[in-house]
Amino acid sequence: MNMRALSALVGAALLATALPAFLFPTVANAQPFNGPMGVSGRWAIDLPRSKFNAALTGPPPLSGELDVTIDDGKALAWTLVEVDEAGVAALQFAHGVLDGPPTLAVVNLNLVKISVQRVGQSAVTVTTHGNEGERHQSMKVTRTDPDTLLVEQDIDGKPGPPDQTLILTRMK
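Per numbering that gives the first Met the number 0, the sequence shown starts with residue 0, numbered consecutively.
Given below as structure tokens:
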């Protein structure tokens, strides 16, 4: 590549980087997200609206319930129980500081290191951190309206659409 083409490429890259901050200064200088997400309470998996990937996780559960006990803008704590024909299919207890260091959670009676990062005012990504070579999973959880959570799971660690999409509705 000649120097003129390289200079043009570098200039275009710098312009593309600076332009959003110039055009949208409130977004570029926005304060970090804070405050509660509004997800405290009990939620049930809406099985008909959810999409499962049996090849990665096995058959879908018969039911599932999420109980969010802490949502104070600083941390999230939750319990998740999924039930299948044999009984408890999945069990999870977690308490993670938002945008904080990784912490330990209990997943199916195993200790798993997780982190919880805000990715929007009403969204977080929960990521598992395994040993080198182990599968890393992530779940982006978004409150799409006051009574609906969208959970997009990346199980295989490969780029692309979510491996599973779960819809949870607030239990009243």
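Glycine included, every Cβ here is placed at the ideal spot set by N, Cα and C.
8 Å contact criterion, which Arg41 and Asp71 should meet: CB distance rounded: Actually they are not in contact, since the Cβ atoms of Arg41 and Asp71 sit about 17 Å apart, beyond 8 Å.
Supposed close pair Phe97, Leu75 - CB separation, criterion 8 Å: One detail in the question is off: residue 97 reads as Leu in this sequence, not Phe. Cβ atoms of Leu97 and Leu75 come within 8 Å of each other, at about 7 Å.
Bounding residues of the beta strand (DSSP E) (the contiguous stretch that carries Leu79): 74-83
Option nearest Gly34 by Cα separation, candidates Ser49, Pro161, Gly119, Ser114: Gly119
Status (buried if at least 16 other CB within 10 Å, exposed otherwise) for Thr142: Reading off the sequence, residue 142 comes out as Arg, not Thr. Arg142 is buried by the Cβ-count criterion.
Which of helix, strand or coil DSSP assigns to Leu61: coil
Best match in Leu149, Val38, Thr127 for proximity to Thr68 [C-alpha to C-alpha]: Comparing C-alpha distances from Thr68 to each of Leu149, Val38, Thr127 shows the shortest one belongs to Val38.
Reduced DSSP category for Leu165 - H, G, I as helix; E, B as strand; rest coil: Leu165: strand per DSSP, three-state reduction.
Backbone CA spacing between Asn52 and Lys171 [nearest angstrom]: 29 Å
Chain-order list of residues whose beta-carbon lies under 6 Å from that of Ala122 (same chain, five-residue window excluded): Thr141
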